[in-house]
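In this note's numbering, the protein residues as written are 16 to 95.
Below is one structure, written out as structure tokens; comments come after it.
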């Protein structure tokens, strides 16, 4: 987590540092030439982040970090 962050920061690619356990970057570059290869918004989370390894599909949109409960993230339309 900290190694890639240091390299991205050195290259000026970190776009947001929300906290010490999460950061974002948008551009993937060639390490040798520093030429942009691909633009995508990417969020990186430390393994101690409360939402680390959160499923990427079937997410409950009501789940937020302050109230997140692991195992309660599946979204079931129409469920109360």
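From the three backbone atoms N, C-alpha and C, an ideal C-beta is built for every residue, glycine too.
Euclidean distance between Cα positions of residue i and residue j
i          : j          : result
residue 52 : residue 17 : 22 Å
residue 47 : residue 23 : 13 Å
residue 39 : residue 93 : 33 Å
residue 29 : residue 50 : 16 Å
residue 25 : residue 19 : 10 Å
residue 35 : residue 64 : 9 Å
residue 44 : residue 21 : 15 Å
residue 86 : residue 68 : 11 Å
residue 27 : residue 42 : 10 Å
residue 62 : residue 31 : 18 Å
Cross-strand partners of residue i (DSSP beta bridge)
i          : result
residue 57 : 40
residue 74 : 89
residue 51 : 44
residue 31 : 39
Among the options, nearest to residue i - alpha-carbon criterion
i          : options           : result
residue 72 : 90, 82, 24 and 60 : 90
residue 75 : 61, 37, 45 and 88 : 88
Anticipated Cβ contact below 8 Å, residue i with residue j, distance rounded
i          : j          : result
residue 60 : residue 37 : 5 Å
Inset, instruction - Please confirm if the region 74-89 is in contact with the region 54-61, defined as three or more CB-CB distances below 8 Å between the two stretches. - result: no
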